[in-house]
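Have a look at the structure below, then the notes.
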Amino acid sequence: MPELPEVEVVRRGLERWIGGRTIAGAEVLHPRAIRRHLAGPVDFADRLRGLPFAAPRRRGKYLWLPLGDDAALLAHLGMSGQLLVQPGRAPDEKHLRVRITFTDAAAGELRFVDQRTFGGLSLHPLLGEGLPDVIAHIARDPLDPLFDEDAFHQALRRKRTTIKRALLDQSLISGVGNIYADEALWRTRLHYERPTATLTRPVTTELLTRVREVMTAALAVGGTSFDSLYVNVNGESGYFDRSLDVYGREDEPCRRCATPVRRRPWMNRSSYFCPKCQRPPR
DNA sequence: GGAAGCTCCTGAAAGC
DNA sequence: TGCTTTCAGGAGCTTC
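Read in order, the letters of the first sequence are residues -7 to 274 in our numbering.
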């Protein structure tokens, strides 16, 4: 499942392989893939034709390819989205949703492949700081040098919610998904249902340190892949799943205290934690 | 207005 | 063997 490290791996691949290429055409094979482009597939293809891609940018789990100074192609990978750079002669993938070709045929094609169709592409105007308008509400991510730790802590203190919900709230901190939330909470010894209003500034600082730590480590090995659903632009998987401490390790011993890791249903998904290291709140 | 819950979707795995 | 159910989860939308 693509979170910040996986999206950053893809962004770097796009920068290397398609930055500066001029679009020859776009083909939408599944309308749901561009559902956030309200003007529809024909407009989507018409507006892309003839434009050059500038260097890709990212905020949290969103990445975008600027097209000149005032618009961009915005991408979100959702659960299973892949942006692949493929030779034009390569056979179509089973879940190929959008194909973008370039004037330089040697550059190959940019393909958006998405089995579960939670991801998508869309075109949007850019705001003053070069951010697509529809993601203006997305907070900076913890690897962004301009991420404001103090403002984040104050926001947590104001909220009447629990820490894992807050970590997944992209308007508070972006880029964190279910896997890295569980990993960072385990490293900080925080239970996922700890009320955010009870966090002290040192605890928030420690949590942010652990979030950055786990994301940086994942980025170094190409991200986390449990299956073929997350790959980089060349179709290769990452290796961080071998380094996960709690996520997906139900009944296996905690790597700190050997207590069996627990899994609890949580918000239509799962939370993994060590019942000894991460005591529930009173 | 803020917080919680629902929904979209596909295919692998589990259950019967 | 084959059918049905469960599970995975990001984020926009709806409900309370």
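By construction, the Cβ of each residue, glycine as well, lies at the ideal position given by its N, Cα and C atoms.
Predicted model, so just to flag it, every value in this text is computed and none were measured.
> Which partner residues of Glu101 appear in the DSSP bridge assignment?
Replying inline: Looking at the DSSP assignment, Glu101 forms a beta bridge with Gln78 and Thr93.
> For Phe139, which three-state DSSP category applies?
Replying inline: If DSSP states are grouped into helix, strand and coil, Phe139 belongs with coil.
>> For the structure I just gave you, are there three or more beta carbon pairs, one from the segment 168 to 178 and one from the segment 138 to 148, closer than 8 Å?
In response: Touching, no.
> Can you list, in chain order, the residues of its chain whose CB lies under 8 Å from that of Ala189, leaving out five sequence neighbours each side?
Replying inline: Around Ala189: Leu148, Arg149, Arg150, Lys151 and Arg152.
> How is His145 classed by DSSP in three states: helix, strand or coil?
Replying inline: Looking at His145 - three-state DSSP - the assignment turns out to be helix.
>> According to DSSP, is Asp237 part of a helix, a strand, or is it coil?
In response: In the structure shown, Asp237 sits in coil (DSSP, three-state: anything other than H, G, I, E or B).
>> Is Leu30 a contact residue of the ligand GDP, with contact defined as CB to any heavy atom under 8 Å?
In response: This structure lacks the ligand GDP; in fact it carries no ligand of any kind.
> When you compare each of Arg241, Trp9 and Thr196 to Val77 by their alpha carbons, which one comes out closest?
Replying inline: Nearest C-alpha to Val77: Trp9.
>> Please identify the residue among Glu244, Ala31 and Glu121 whose C-alpha is closest to the C-alpha of Asp61.
In response: Per the Cα distances, Glu121.
> For Thr100, which residues from the same chain have a beta carbon less than 7 Å from its beta carbon, with the 5 sequence-adjacent residues on both sides left out?
Replying inline: Here residue 100 is Gly; the residue named in the question, Thr, does not match the sequence. Sequence-distant partners of Gly100 (beyond 5 residues in either direction) whose C-beta falls short of 7 Å from its own C-beta, in its chain, are Val77, Gln78, Pro79 and Gly80.
>> Could you tell me the alpha carbon to alpha carbon distance between Phe265 and Pro(-3), rounded to whole angstroms?
In response: Between Phe265 and Pro(-3), the C-alpha separation is close to 22 Å.
> With 16 as the cutoff for other CB atoms within 10 Å, does Arg51 come out buried or exposed?
Replying inline: With 16 or more other Cβ atoms within 10 Å, it is buried.
>> What does the alpha-carbon distance come out to for the pair Glu185 and Gly70?
In response: Separation of Glu185 and Gly70 (C-alpha to C-alpha, rounded to the nearest whole angstrom) is 25 Å.
> Are there 16 or more other CB atoms within 10 angstroms of the CB of Ser163, so buried, or fewer, so exposed?
Replying inline: Ser163 is exposed by the Cβ-count criterion.
>> For a quick check, are the C-beta atoms of Glu6 and Leu75 less than 9 Å apart?
In response: For the record, residue 6 in the displayed sequence is Leu; it is not Glu. Judged by beta-carbon spacing, Leu75 lies within the 9 Å limit of Leu6, meaning their Cβ atoms are closer than that value.
> Helix, strand or coil: how does DSSP classify Tyr184 here?
Replying inline: Coil.
>> Please return the same chain residues whose Cβ sits closer than 8 Å to the Cβ of Pro124, not counting the five positions on each side in sequence.
In response: If we look at Pro124 and ignore the five residues flanking it on each side, its Cβ neighbours are Tyr54, Trp56, Ala64, Leu66, His116, Pro117 and Leu118.
> Three-state secondary structure (DSSP) at Thr14?
Replying inline: Under the three-state reduction of DSSP output, Thr14 falls in the strand class.
> Exposed or buried, which one is Glu0 when buried takes at least 16 other CB atoms within 10 Å?
Replying inline: With 16 or more Cβ atoms within 10 Å of its Cβ, Glu0 is classed as buried.
> When we look at the beta-carbon of Val203 and count the other beta-carbons within 10 Å, is it buried (16 or more) or exposed?
Replying inline: Buried, since its Cβ has 16 or more Cβ neighbours within 10 Å.
>> I'd like the list of long-range same chain contacts for Thr251, defined as Cβ closer than 8 Å, with 5 residues on each side in sequence excluded.
In response: Non-local C-beta neighbours of Thr251 in its own chain, meaning closer than 8 Å and more than five positions away in sequence, comprise Pro245, Cys266, Pro267, Lys268 and Cys269, ordered along the chain.
> Using a Cβ-Cβ cut-off of 8 Å (strictly less than) and excluding sequence neighbours within five positions of Val20, which residues of its own chain qualify?
Replying inline: The beta carbon of Val20 lies closer than 8 Å to those of Ile26, Pro33, Phe36, Ala37, Arg89 and Val90 in the same chain, with the five residues before and after it left out.
> DSSP on Val213, reduced to helix/strand/coil?
Replying inline: Three-state result, Val213: coil.
> What is the DSSP secondary structure of Pro273, reduced to helix, strand or coil?
Replying inline: Three-state DSSP puts Pro273 in coil, outside helix and strand.
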